[in-house]
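Working notes, structure below.
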Amino acid sequence: MQKKSKSWSVIALLSVVALVLPTTQSIAAPKGKFKLCVALGGIAGILGTLGTEGDPVAKAGAKKRGWAYYEVNNKLDAQTAVKNADLLVRQKCSAVIMFNGRPEVNPTIAKKLAKAKIPVITYDIGQPGWYFLGIDNLAAGEAGGEALGKLVKEKWNCQPDLVLQSQASGAGIVDAMRTGGMITGMKKICPDIPASKIKIFEGNGEIAVAQPAARDILAANPTAKKIAVVGINDAGVVGPALAARQLGSDYDVLAWGQDGNLIAGDNVNPDLKGSVLYFLEGYSAYAFEVLDQIAKGTPPKMQDKATNPAVLVKPCPVSAAQAKNIPIDKVRVANLAKNPSKTLYALYCPK
Amino acid sequence: MSINSNEQRRSPLYPRRIFFGTGDSGNILALLILWFTLIGASAINNSLFLSKTTFNAVVFNMCILGVLAIGQALIVLSGGILDLSLAVPLILTGCLSVIFYDRGWSTLPLLIFSVLISGIVGLINAFFIVVLKINPLIVTLGTGFAGGGLLLILFDRAMVNPESWIANFGISYSLGVPSAWWPMVLFTIFMHILIKYSRPGRRVVAVGGNPVAAKVSGISLKRYRFATFFFASIIAGVAGVIFAAFTPEIRPSSGTLYTLPMIAAVVLAGFSLAGGSGNFLALFISVGFLSTVPTALVFFGLESLWEPFFQGVILIVAVSLDALRTKKTVTKG
Amino acid sequence: MASPNTSIDSNENLPSSLSRVPVMEAINVSKSFGAVNALIEASTSLYSGEVKAIVGDNGAGKSTFLKILSGLIQPDTGEMRFEGNPVKFEAPIQALNLGIQTVYQDLALIDTMTATQNVFVGREKLSPNPLLRAFRIVDDKEMTANAMGVLSELGIKIPSLKETVRKMSGGQRQCLAIARAMLFGHKLIILDEPTAALGVHESAQVLTVINKVREKGLAVVLVSHNMQHVFEISDSVLVMRLGKSIATKRTEDSSTQEIVGLITGAIAP
Ligand SMILES: Nc1ncnc2c1ncn2[C@@H]1O[C@H](COP(=O)(O)OP(=O)(O)O)[C@@H](O)[C@H]1O
Ligand SMILES: [Mg+2]
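Those protein sequences? They're chains A, B and C, same order as listed.
Here the first sequence stands for residues 1 to 351, numbered as in the working numbering.
Here the second sequence stands for residues 1 to 333, numbered as in the working numbering.
Here the third sequence stands for residues 1 to 269, numbered as in the working numbering.
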C-alpha cells in the first residue's frame, strides 16, 4: 500500500481551498453617526436572499434614518463568522444584526461584541445577551395545522387513515412548536383524530431522510390510503408525499409544510397543498422596532430566548393556489425596500 | 495427491466453512440465511409484512444504497481501501442534471454528461493516490470534505423539476418493480461477470490481492488505480441520478447519509478491506438485508431513530467477522 | 566461432559454453541507492540448460542483481545483452515479453486467487468465442488445462487448482510460482531464494522442479544461502562480495570450502 507522506500538508491545502474570503458592502460613515451592521448567513436555500445577496431592507431602513450601513457575510462558516466579529468591532458598529448558521461560535462572537459594547439582534438562533427576533413558531405550527385541518375536514370528513408527523428532533423546541403546533392546529378543526392514527417519525427536515422513513411506515400500514402529512418544513412533508407516490397511485395525500421553501419560487412542488411563509428575507423590517430604541439611547429590556423573544415575526399560511400569486423573494424584498415602513406580511400575506 | 480430474474434487482438508470460509457460495448462503431469518421473524411478528407494498418499500430502499455500494466494493476489491468521497459524485451528478435540465438539455445527453463529469472526482483521487502516493483513506477523506464544502458553496441546493424525466423515473415501475431498482440489478450482473470472468476483472482482483505481485506480472498499478477510482465515481454518479429522481430538493449535505450504510453493505457482503476478495452477488444480498432492516424495524414498532444504531451494530459485527476471517486464514497458513 | 565476451567473465572456464551465445549477459553493471553502492561493475553470463547459483553475504547485492536482470530496476551504468543483442529494460513487462520470468522471494502469489488464476495473472487467455473475446471474457477451461499440463510436467502436486492459494504450503506455493514462470518464461527463469523458509521435504520438491526446468533447456539463475542446495542443483556458482562479482566457478570443479572462503574473503578470488 502507498505510504502516507505529504498527506497532512495536502489536507491543509484542501481546507484552505474550501474557505472563501469574506465580501463586504457599506455606506460610508461620517463621525458620530449611528452605524447599522449586518452579518449575513451565507446559504440562499434556507435563508432566501438574506443568505447571499445582501439585505436591502436593512440598508433601505438605515438610509431612511440617515444611518451608516455596513454588511459582511458569514458564509455559513464558523471561522469566517469569528473573523467577521473582529471586523465589526473595528468598524465601530452601533448595533449588529447577526445571522450565523454556525451557532457553536456564537459565544465567542458574543464575547467580542459585548467587550466593544455593541448590541446584537439575532435572527432565529438564540444567544444569551442578544435580542431574539424570530418567527412565532407556535403560531406558525398552529396556523398551518388549522389550514390542513380544514382540508382534512372538507375532503375526508375529519377521518384520515393516517397522520404522518415528520419531525426533526435535532431542532429541539422549534420542532416541538412547529410540528406539535401543527397537530394542535389540526385538532382545533378535527378534534376527534385518535392518537393511534398519528405516526411520529424522524424526517430531519430533509427529503432524503423523511422519504424512506415514511415509505416504511406506509408499508407497515397497508390499509391506510388517506394520508395527512405535517412536518418541520416543506422538505420534511414533501418526502413522505413522494414516498406515497412511489408506493402506488391509490394514495390520497394532503401535505402541508412550513417555511414555504418548496411552494413559492421557480420550482413549486406539486405535492404540497400549502405551507406557512415566514418571509425570512424581510426580517429586518421588524428589527427596526428594536434598533430605533437603541438609536434613541433607550434600548429595550433584554429578551434573548425563543420562548421570550424581543420581536416575534407573524407567520403567514398560504395554500398552493395562493402561493402562485406571491412573487419570488427577490421581488418581495426589493418591494419591501421601497416601502421601508411596512412588513412583508402586510405586503404579501393573503387576507 | 497429483493433479488429475479425480483429485479436482475438494479435499476434506480444505472444507468450506459456512460463516468464515472464503468460499463465495458459503458466504452467499450465510447472507441468504441472515436475510430470510429477518424476513421470517418480521412475518411471524406481523403477517402483513409479506406484502407487495413491503417488497416495494424494501426495493426502493435498495436503489441508491445498492448502486453506491457497488462503486465502493470496486474500490475495496481493488485494494483502494475505501473511497470516503463517493458522496461528492453522488451529489454533483444530481446537481448537474438539474442545471443541464434547466438549460433545456434533452434527457440522454444530460444524464451522460452529468455522470461523466462526476468521474472527475475519481480522477482527482487517483492522482493524489497514484502520483503523490498518499494513503487513499486520507485522500478521499480530504476530497470528500473539500468536495462537500465546495458543493455547498456552488449549489446550495438544486430543485428537480417535477415534470422532468428524472422525477418521473423516481416514481415509475418497469416489469413490475420500481424502475430505479434496475440500475442496481444491471450493475450487479455486469460487475459479477466483469470480476469473475473477464481479463480486466481478474487484474482488478490481482491488484487488490497483492499489488506487488500484480506489478511484477506486468499489470500497471497506475492504470488500474485510475480506472477503479474513476469508475467508482461514475457508478456513484449513476446513484446520483437516482438520488435526484427521489429527491426534488437536493441538498449537498444529504450525500453523507449513505457513507456508513454503503461501507456496512460492502463489509457485510464479505469484501475484505485488505483487498482482492469479494463477490457482487453477495453484495446484492447484503444490500437487500440492510434495506430490509429499517422496514422491519417499523413493523416491530421501533422508530426510524433506531436505524443508525442498527446500522452501526451491523457494521461493527461485519468488520469483526472480516477480521476473524483474516485471522483464521493467517493462523491456518 | 568464439563468443565475443569470454574476456569479460574472466573467471569463467566453460568449454561447453564457449561455442554458444549466452541467453543473457550483464557486463560491468553498477547500481547505487543514494550513498549505497549496491552493485559495482558486476558481470555474469547465463546459458540455456544451465543453472547458475548466486551466493554471497547479506547485502552483497544479489537481489539487486536479479532485479536488474528481470527489468524491475534499471542499472546506472553497464551493458545488458539478450542473446547477444544489447537490451535496455524500462519495465518488467519488456523482460517478460522476451521470455524472462522471475519468482520473487515472498511476493510471488496472490493469496486471494486460485492456483490457475495465479498461474495466468497478467496473461489471462481469452475465450475463443469472438463475441466473448470482444468483451474480454477469459477461457478458464483452457487455462486450467494448461496449468494442469505444466504442473504434471514438473511433477508438482497441488490439492486443487480451484482453491485460493492462501491455504497452500510454502513448498506448494513456490512450486506453483516456478511452474508459472516456466509456462511463460521460455528463455530464462530468475529465482530469489527459492528454498528459503522451506523444510527439508519441501526444499527437495522445489529442487526437483528446478531440475526439470533445466532439463527443458531453459537458463536458470537463482540466489541461495544453502550450500547443500547450491551444490545439488547448480552448474556454476557466481560469488558476490560487497557489490562485486568476484568469482565464477564450475560447481563440479569446486567445493563448499572454496565457495565459503570466497564469500567470507578468506580465499582471494
Ligand atoms: N531499494 C533500495 N534502496 C536503498 N538501498 C537498497 C535498496 N535495495 C537494496 N539496497 C541496498 O543495497 C545493498 C544490496 O542489497 P541486496 O541486493 O538486497 O543484497 P542481498 O540480496 O545480497 O542481501 C544493501 O546494502 C541494501 O541495503
Ligand atoms: Mg536478498
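All C-beta atoms, glycine included, are put in the ideal place defined by N, C-alpha and C.
Starting from the C-beta of residue i, find all residues in its chain whose C-beta is less than 7 Å away, skip the five residues before and the five after it, and write them out in chain order.
i               : result
leucine 111/B   : Ser97 and Val241
valine 286/B    : A small correction: the amino acid at residue 286/B is serine; valine does not occupy that position in the sequence shown. Result list for serine 286/B: Leu31, Ala265, Leu268 and Ala269, in chain order.
proline 300/A   : Val290, Gln293 and Ala310
leucine 338/C   : Because residue 338/C is not part of the residues shown, which for chain C are 1 to 269, the question remains open.
threonine 143/B : Ser85, Val88, Val121, Ile124 and Asn125
leucine 336/A   : Val57, Gly282, Ala285, Lys342, Leu344 and Leu347
arginine 123/C  : Phe184
For a test of the three-state rule: what should DSSP assign to residue i, helix, strand or coil?
i                : result
tryptophan 256/A : strand
methionine 262/B : helix
glycine 21/B     : Since pLDDT at glycine 21/B reaches only 42, below the 50 mark, its modelled position is unreliable, and the value read off the structure follows with that caveat. Correct three-state label for glycine 21/B: coil.
asparagine 73/A  : strand
arginine 241/C   : strand
threonine 307/A  : coil
asparagine 28/C  : strand
methionine 338/B : Beyond the ends of chain B as shown, which are 1 and 333, falls residue 338/B; an answer cannot be given.
isoleucine 200/A : strand
alanine 264/A    : coil
isoleucine 246/C : strand
threonine 195/C  : coil
leucine 47/A     : Confidence at leucine 47/A is low in this model, with a pLDDT of 46, below 50, so the placement of that residue is unreliable and no value is reported for it.
threonine 112/C  : coil
serine 43/C      : strand
asparagine 37/C  : strand
alanine 224/A    : coil
threonine 298/A  : coil
isoleucine 219/B : coil
leucine 82/B     : coil
leucine 50/B     : coil
threonine 208/C  : helix
serine 198/B     : strand
Would you list the one or two residues that DSSP bridges to residue i?
i                   : result
cysteine 316/A      : Leu277/A
isoleucine 178/B    : The identity of residue 178/B in the sequence shown is proline, whereas the question assumes isoleucine. Tyr173/B, per the DSSP bridge assignment.
tyrosine 348/A      : In the DSSP output, where bridge partners are listed per residue, tyrosine 348/A has none listed.
cysteine 37/A       : Tyr70/A and Val96/A
isoleucine 189/C    : Gln101/C and Val220/C
phenylalanine 159/B : Sequence inspection shows methionine at residue 159/B; the phenylalanine mentioned does not correspond to that position. The partner list for methionine 159/B (beta bridge, DSSP) reads Glu249/B.
valine 229/A        : Leu164/A and Ala255/A
leucine 126/C       : Val138/C
serine 236/C        : Lys52/C and Arg250/C
Please return the same chain residues whose Cβ sits closer than 6 Å to the Cβ of residue i, not counting the five positions on each side in sequence.
i                   : result
proline 160/A       : Val152, Lys226 and Ala228
valine 313/B        : none
lysine 222/B        : Val130
glycine 149/A       : Met186, Ile189 and Cys190
leucine 151/B       : Ile91 and Pro252
aspartate 124/A     : Gly134
alanine 181/C       : Gln101, Val103 and Ile189
phenylalanine 310/B : Val293
alanine 139/A       : Pro315
serine 233/B        : Pro89, Ser118, Gly119, Val121 and Gly122
glycine 141/A       : Met177, Arg178, Gly181 and Met182
Enumerate in chain order the residues of its own chain whose CB-to-CB distance from residue i is below 8 Å, with the five nearest sequence positions on each side excluded.
i               : result
lysine 199/A    : Leu162, Val163, Leu164, Gln165, Ile217 and Asn221
aspartate 318/B : The question names aspartate, but residue 318/B in the sequence shown is alanine. Excluding residues within five positions, the ones whose Cβ falls inside 8 Å are Ala264, Val267 and Leu268.
aspartate 102/B : Asn161
serine 63/C     : Gln105, Asp192 and Val223
Any residue with its C-beta under 6 Å from a non-hydrogen atom of ligand 1 counts. Can you list them all in chain order? Chain-ordered list of matching residues: Phe33/C, Val36/C, Ala38/C, Gly56/C, Asn58/C, Gly59/C, Ala60/C, Gly61/C, Lys62/C, Ser63/C and Thr64/C.
Quick one: complete alpha helix (DSSP H) runs, 4+ long, within the segment 232 to 314 of chain B? Runs of the alpha helix (DSSP H) inside the segment 232 to 314 of chain B: 259 to 268 and 280 to 299.
Which complete alpha helix (DSSP H) runs does the segment 46 to 93 of chain C hold, if anything under 4 residues is left out? Look at the segment 46 to 93 of chain C and you find these whole runs of alpha helix (DSSP H), each 4 residues long or longer: 62 to 69.
Of all the alpha helix (DSSP H) runs that stay within the bounds of the segment 110 to 185 of chain A, which reach a length of 4 or more residues? Runs found: 137 to 156.
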